[in-house]
Every structure is written in structure tokens, then in C-alpha cells.
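Residue numbers (this note's numbering), protein chains in the order written: chain A, 120 to 332; chain B, 120 to 332. Even glycine gets a Cβ: it sits at the ideal position worked out from N, Cα and C.
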């Protein structure tokens, strides 16, 4: 779970009245290209659970890091989502290697899925927006450690990744990168699942500034 | 919307890997008493909408501030909610006076609803967790400004309020103060409404430390 910071909040006139701003830029400022398909695991649920179990025995808690990236379209914030096989939506990201930091792992995964080459893009990884926990190998994700669970099996951390006004996204041919409006994602559990459908709420503490030239 | 703070995030080794901790204490450390009932408005929807319209014309955007306060029970975080008339659940808080700051207003409202006297309790108001917007007088709340809405009518801001290990709560007789587990609130839109049912997600970025003696 990274380092813990204890915030003692005795100064009553701290920054609580201040709202952090996030600048977002028009979709038209970004270039979208494609590259060779990424090898995706195509396995049954049983095989997947077996793999997760043996990985857990070898390495302990599985940590995934995912990016929330915003662009502007029709004066409304849109989230960049990857679509796999015309069905499942995912935030860009993936699993950390053992010992890898959240930021390094997220940058590696973003370059692998969204850049032409590794280290080409200087991803600006910001605040952790939320963490979701899985208590077993086949259970749901929850935004808290479920009661009576002492040792979780998986943690998924969401980070705000701030985009510059212009950038190239080079996406593997077997994935689609889509800009989906916040108003379509909000509470749309059926289409986007519990994690993505809650992203508009996680972003709501920010003042989103649309920078339009 | 308070002051805006522009965060330039160029230092790539900033605090992204750090998780902010929130200490929570057992419910048994708190004292719950009662005081005279609070005068609650009992008006029809039509009268309410008329009142909001004339207030808006006179004072502009209506801002509400609400507190998320946590206690521990059965090793699981619980949120303190007020229940009105055995049905509606509310986070403690209320509307700001014209010109009043978020923090001052929230402290005033918390003392009015949860303390024996004004200024008796030193409420520790922390981070803003989220903001919800209403674009009209009869529309839903959304965690973003809906597309094509330039001038919202109402904003509700949620703040984390850290509790000490022990404190007195003195609640008006016509309200009930309840400690409700996160696992019961999460995605329970039907019982708790859109704002409260999303609170577990808003809290998920924190490492919640249960302090048990």
C-alpha cells in the first residue's frame, strides 16, 4: 500500500476551502495511431484462477495500477478507456512487477499500451484517486477491505494522469481507445463495471478547467 | 467553489506513492445524548421549489456542506448518518449562509445538529472528498456539471471530518444518529441515494487505521 503519511490536521485553517484544478484539453489536439497487436491472455476462468493462486503463493498481494486520463469534447470531460474485443472496457494500466513502484509500473504499462516505444512519453502520474480490494480469487472488487478479511489477494489503485495539450497515442490493433463522457459512465454499472462507473465521483473533488483555444 | 489551486505536477517523484491515513476509533468511545427537537421544514415539493427559486434570485448558487465522519464497529469502518422520520438518511451538514466559508458553515451546522451548545465541539474539518451539482431546482444531483449547463443552481460539497477517540454527540430528538457500515452503504442507491452510496468509493484512497485499545 505504499508509504503511510499521517496527516495531523490541527491547523484548522488548512487547505480545506481550496479546490484543486485539473486542466483538460480538446480531443482534437491528440493524435491516435496503431501498432502491432498486444498478446492478450485468452484463458478460461478456471485457468485464470489457478494462475492467480500460484502467483499469490509465489509473490503475495497482486497490485494493479490504472490511469484516469481526461480530454474535452463538446465542452464535457471524457475519460480515455480501452475496449477489448468490442465488449469489455478497461482503464489503461496493469499489474506491477514484484518490487516495482506504483508510478514506475503505471508508466511502463501506459507506454506499452498507448505509446509507439517505451520511454517515449513522459506520463505525469498524479494523485491516487481510489483503491479497490479483492478478498479472494473469484470475488468482487470493493472500495474497502470487506469485514473479516485480514489478508486481501488483490488491490487495484486508480491514479489521475494529467495529459498535455497534445500527445500521440499509439494503440495495439486489438485494442480500441475511446473517449467516453463522464455523464455516460456515471452509475452505468452494467456497461462499465463497478470501478469505472465510480470514476466521475472520484473526480468530483477537482475543478475541471476546459482549456479551449 | 472556493479558491482554485493550480497544481503543477512536474516533479515526477512527488507523493503519488503515498497513501494518506485516517485513524478511526471504536464506537464505544463516543457518548450519545439528546436535546430538544430541531425545527424541520415540512413543505410540499411545490413550496420547496418556490423557496429555492426565490433564494436563488436573491443570493445565487446555493451551497451545502456535509460531513463524512467515521467510527469503528466490528473491525469495519462505519459512517455516521442522520435519519429523519425513520426514512431519509442524510450526512450531517446543511446550507451555507451568504459569504460564509465552507469550514465555518460546516462547523456551525455540525454543532447545531450534533452538539449540546454552539462552539462546544472543535470539529476538525479536513479534505473535500467530492462535489455534486444540481443544474435546476427539480433535477438530480450529479458529480459533474452536466453538459450544456453553464450556471448550476446548487452545489453540495462533502468533507472528511476526523473524530477524536472520544466525543459527545447530542442529537435533536426528532433525528436519529446511526453508524452504518461501509459494506452496507456501497452501491446501495435505493436506501441511501446517489451521494451517500458513493461515500465508500470517495474514502477508498485513504488507508483507514482502526485504533483499538
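message = Please list, in chain order, the residues of the segment 182-196 of chain A that have any C-beta partner in chain B closer than 8 Å.
response = Taking 8 Å as the Cβ-Cβ cut-off against chain B, the residues of the segment 182-196 of chain A that qualify are 193, 194, 195 and 196.
request  = Just the chain A side, please: which residues come within less than 9 Å of residue 259/B by C-beta, in chain order?
outcome  = To locate residue 259/B, count along the second chain from 1; it is residue 140. In chain order: nothing, as chain A lies at least about 10 Å away.
query = Using DSSP with H/G/I as helix, E/B as strand and the rest coil, what is residue 229/A?
reply = On the first chain, residue 229/A is found 110 positions in, with the first residue counted as 1. Three-state DSSP puts residue 229/A in a helix.
ask   = On the premise that residue 271/B lies in contact with residue 252/B, defined as a C-beta separation below 8 Å, what is that separation, rounded to the nearest angstrom?
value = Numbered from 1 along the second chain, position 133 holds the residue referred to as residue 252/B. Numbered from 1 along the second chain, position 152 holds the residue referred to as residue 271/B. 5 Å between Cβ atoms; contact.
message = So for residue 318/B, helix, strand or coil by DSSP?
response = Residue 318/B sits at position 199 when you count from the first residue of the second chain. In the three-state reduction of the DSSP assignment, residue 318/B falls in the helix class, which pools H, G and I.
task = Report back the beta-carbon spacing between residue 210/B and residue 191/B to the nearest angstrom; my notes put them in contact at under 8 Å.
result = Translated into the one-based positions of the second chain, residue 210/B becomes position 91. Translated into the one-based positions of the second chain, residue 191/B becomes position 72. About 18 Å separates the CB atoms of residue 210/B and residue 191/B; that is not less than 8 Å, and the two are not in contact.
CB contact below 7 Å: residue 324/B versus chain A = Within the second chain, residue 324/B is the residue found at index 205, counting from 1. Chain A contact via Cβ: present.
message = Can you tell me which residues form a DSSP beta bridge with residue 182/A?
response = Indexing the first chain from 1 puts residue 182/A at position 63. Residue 182/A is bridged to 274/A.
key: N-terminal and C-terminal residue of the alpha helix (DSSP H) that residue 192/B is part of   = The residue given as residue 192/B occupies position 73 in the second chain. No alpha helix (DSSP H) contains residue 192/B, which is instead part of the beta strand (DSSP E) from 189-192.
key: is_contact[residue 262/B, chain A] using C-beta, thresh 7 Å   = On the second chain, residue 262/B is found 143 positions in, with the first residue counted as 1. Using beta-carbon distances, residue 262/B counts as an interface residue toward chain A, with a partner under 7 Å.
task = Alpha carbon to alpha carbon, how far is residue 203/A from residue 232/A? Give it in angstroms, no decimals.
result = Reading the first chain from its first residue, position 113 is the one you call residue 232/A. Reading the first chain from its first residue, position 84 is the one you call residue 203/A. As the crow flies, the alpha-carbon of residue 232/A is around 12 Å from that of residue 203/A.
task = Return the first residue and the last residue of the beta strand (DSSP E) that residue 289/B is part of.
result = By one-based count along the second chain, residue 289/B stands at place 170. Element bounds for residue 289/B: 286-291.
ask   = Can a CB atom of chain A be found closer than 7 Å to the CB of residue 317/B?
value = For the purposes of this step, residue 317/B is taken as residue 198 along the second chain, with counting starting at 1. Answer yes: the Cβ-Cβ gap between residue 317/B and chain A drops below 7 Å somewhere.
request  = Go ahead and label residue 261/A buried or exposed: buried means 16 or more other beta carbons lie within 10 angstroms of its beta carbon, across all protein chains shown.
outcome  = Reading the first chain from its first residue, position 142 is the one you call residue 261/A. Classification for residue 261/A: buried.
Same chain, Cβ closer than 8 Å to residue 248/A, five either side skipped, listed in chain order = Taking the first residue of the first chain as position 1, residue 248/A is located at position 129. Take residue 248/A, set aside five residues on each side of it, and the residues of its chain with a beta-carbon closer than 8 Å to its own are 187, 277, 278, 279, 318, 321 and 322, in chain order.
task = Return the Cβ separation of residue 195/A and residue 189/A in integer angstroms, given the expectation that the two are a contact with Cβ distance under 8 Å.
result = Against the first chain, residue 195/A aligns to sequence position 76. Against the first chain, residue 189/A aligns to sequence position 70. In fact, because the Cβ distance is near 10 Å, the residues do not count as touching under 8 Å.
query = Mind checking if residue 312/B is an interface residue toward chain A, Cβ cutoff 7 Å exclusive?
reply = Taking the first residue of the second chain as 1, we reach residue 312/B at position 193. No, residue 312/B does not count as interfacial toward chain A.
inquiry  = Going by DSSP, what residue range makes up the beta strand (DSSP E) through residue 199/A?
reply    = The residue you call residue 199/A lines up with position 80 of the first chain. Unbroken beta strand (DSSP E) run through residue 199/A: 195-203.
Delimiting residues of the alpha helix (DSSP H) encompassing residue 304/A = Sequence index remark: in the first chain, residue 304/A carries index 185 (1-based). Taken as a continuous stretch (DSSP letters only), the alpha helix (DSSP H) holding residue 304/A covers 301-304.
request  = Compute the beta-carbon to beta-carbon distance between residue 325/B and residue 140/B, rounded to the nearest angstrom, for a pair I have assumed lies under 8 Å.
outcome  = Here residue 325/B corresponds to residue number 206 of the second chain, with the count starting at 1. Here residue 140/B corresponds to residue number 21 of the second chain, with the count starting at 1. Right, their Cβ atoms sit about 7 Å apart.
request  = Keeping to the same chain, check which residues put their C-beta closer than 6 Å to that of residue 138/B; ignore five residues upstream and five downstream.
outcome  = What you label residue 138/B is simply residue 19 of the second chain in a count that begins at 1. Excluding sequence neighbours, residue 138/B sits near 326.
request  = Below 7 Å CB to CB, which residues in the same chain sit around residue 126/B once its five sequence neighbours on both sides are set aside?
outcome  = The residue given as residue 126/B occupies position 7 in the second chain. In this prediction, residue 126/B has a pLDDT of 39, which is less than 50 and means its spatial position is unreliable; nothing more can be read from the coordinates.
query = Got a sec: is the Cβ-Cβ distance from residue 123/B to anything in chain A below 7 Å?
reply = If you number the second chain from 1, residue 123/B lands on position 4. Only weak support is given to the placement of residue 123/B: the predicted model assigns it a pLDDT of 40, under 50, and the question is left unresolved by the model.
query = In this structure, does DSSP put residue 121/A in helix, strand or coil?
reply = Here residue 121/A is taken as the residue at index 2 of the first chain, counted from 1. Because the pLDDT of residue 121/A is 38, which lies under 50, any placement of that residue in the model is unreliable, and the number read from its coordinates should be weighed accordingly. Of the three classes helix, strand and coil, the one that applies to residue 121/A here is coil, per DSSP.
task = Going by DSSP, name the residue or residues bridged to residue 174/B.
result = The residue you call residue 174/B lines up with position 55 of the second chain. Answer is none; residue 174/B lacks a bridge partner.
message = Using a Cβ-Cβ cutoff of 7 Å, what residues of the segment 271-296 of chain B are near chain A? List them in chain order.
response = Answer in chain order: 278 and 281.
key: Cross-chain neighbours of residue 306/B in chain A, by beta carbon under 8 Å   = For the purposes of this step, residue 306/B is taken as the residue at position 187 of the second chain. Those within 8 Å of residue 306/B in chain A are 308 and 313.
ask   = Looking at C-beta atoms only, is the number of pairs between the segment 290-307 of chain A and the segment 208-224 of chain B that lie closer than 8 Å three or more?
value = Contact check between the segment 290-307 of chain A and the segment 208-224 of chain B: fewer than three CB pairs, one atom from each, fall below 8 Å, which does not count as touching.
message = So, with DSSP's three-state summary, where would you put residue 329/A?
response = For the purposes of this step, residue 329/A is taken as residue 210 along the first chain, with counting starting at 1. Of the three classes helix, strand and coil, the one that applies to residue 329/A here is strand, per DSSP.
inquiry  = Distance check for residue 330/A and residue 148/A, CA to CA, integer angstroms please.
reply    = Here residue 148/A refers to the residue found at position 29 of the first chain. Here residue 330/A refers to the residue found at position 211 of the first chain. Cα-Cα distance, rounded: 11 Å.
ask   = How far does the beta strand (DSSP E) with residue 153/B in it reach, from first residue to last?
value = Your numbering for residue 153/B matches position 34 in the second chain. Here the beta strand (DSSP E) through residue 153/B covers 149-154.
inquiry  = Using DSSP's beta-bridge definition, name the partner residues of residue 209/A.
reply    = As a working mapping, residue 209/A is identified with position 90 in the first chain. Its beta-bridge partners are 201/A.
query = For residue 261/A, which residues does DSSP report across the bridge?
reply = The residue you call residue 261/A lines up with position 142 of the first chain. Answer by DSSP bridge pairing, in chain order: 252/A.
key: Inter-residue Cα distance where the pair is residue 294/B and residue 225/A   = Here the question's residue 294/B lines up with position 175 in the second chain. Here the question's residue 225/A lines up with position 106 in the first chain. Spanning the alpha carbons of residue 294/B and residue 225/A requires a straight line of approximately 47 Å.
For residue 281/A, the three-state DSSP class (helix, strand or coil) = Position 162 of the first chain holds residue 281/A. Looking at residue 281/A - three-state DSSP - the assignment turns out to be strand.
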